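Novice: In the working numbering, the protein residues as written are 2 to 141.
Sharing a structure here in structure tokens format.
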Amino acid sequence: EIRIPANVTEIGENAFNNGIHFSELHIPASVKVIGEGAFAGAYSLTLDSENTDFCMKNGVLYNADRTVMLYVNRDQKHDGTYDNTFSALKVPDTVKRIGSYAYGDNYTEEKLIIPEGIEELGDYAVSGEFTNVVIPSTSD
2 EIRIPANVTE
12 IGENAFNNGI
22 HFSELHIPAS
32 VKVIGEGAFA
42 GAYSLTLDSE
52 NTDFCMKNGV
62 LYNADRTVML
72 YVNRDQKHDG
82 TYDNTFSALK
92 VPDTVKRIGS
102 YAYGDNYTEE
112 KLIIPEGIEE
122 LGDYAVSGEF
132 TNVVIPSTSD
């Protein structure tokens, strides 16, 4: 387990990317900035409930208004809905951007549906072992 000290305000780009192995990483309330791909090597994240810049719901780390999906915990199911019509996970409609390595190589669901209105996918945002990813035609 890694507990980032309470005086840390920024977690840099690729800070915990792949070479570092740990079971859990705790993000304190003091963190205001998280760099791209910061948690690509993480297994499970927890967030201090006093943090006002980020939120965590059902194992998914978002920015405060849930428009950017930063990371999906390896040991959690997805925060979005399960769409029985397509037998797939669906990213929440509030999300406009999926950050770099958000799903990482550690995510093994079969199908992922990205919502209409998504504006950006970060580098390797969906690099898990999905067999089918549905991206709407309105995405750039």
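Yeah, the Cβ is synthetic: ideal placement off N, Cα and C, and Gly gets one too.
Values in this document were obtained by computation on a predicted structure and should not be read as measured data.
So who's on the other strand from arginine 4, going by DSSP bridges?
Specialist: Paired residues: His27.
Novice: Could you tell me the alpha carbon to alpha carbon distance between alanine 7 and alanine 30, rounded to whole angstroms?
Specialist: Whole-angstrom Cα-Cα distance: 7 angstroms.
Novice: Which class does phenylalanine 131 belong to by DSSP, given the choice of helix, strand or coil?
Specialist: Looking at phenylalanine 131 - three-state DSSP - the assignment turns out to be coil, as it is neither helix nor strand.
Novice: Please report how far the alpha carbon of asparagine 18 lies from the alpha carbon of threonine 68, in whole angstroms.
Specialist: Near 23 angstroms, if we compare the C-alpha coordinates of threonine 68 and asparagine 18.
Novice: Can you tell me which of Gly36, Leu46, Thr10 and Asn15 puts its alpha carbon nearest to the alpha carbon of isoleucine 3?
Specialist: It is Leu46.
Novice: Check threonine 47 in the structure and name its three-state DSSP category.
Specialist: Looking at threonine 47 - three-state DSSP - the assignment turns out to be strand.
Novice: Grab me the residues of valine 127's own chain with a C-beta within less than 6 angstroms of its C-beta, minus the 5 sequence neighbours each way, in chain order.
Specialist: Hits under 6 angstroms: Tyr104 and Val134.
Novice: When DSSP builds the beta bridges, which residues end up paired with arginine 98?
Specialist: Looking at the DSSP assignment, arginine 98 forms a beta bridge with Val69 and Glu121.
Novice: Work out the CA separation of glutamate 37 and isoleucine 136 for me, nearest whole Å.
Specialist: So the alpha carbons of these two residues sit roughly 21 angstroms apart.
Novice: Look at the alpha carbon of aspartate 84 and the alpha carbon of glutamate 25, and state the distance between them as a whole number of angstroms.
Specialist: Residue confidence is low: aspartate 84 scores 46 on pLDDT, short of 50, so the model does not pin down where it sits. Its coordinate-derived value is still stated next. The alpha-carbon atoms of aspartate 84 and glutamate 25 are separated by roughly 29 angstroms.
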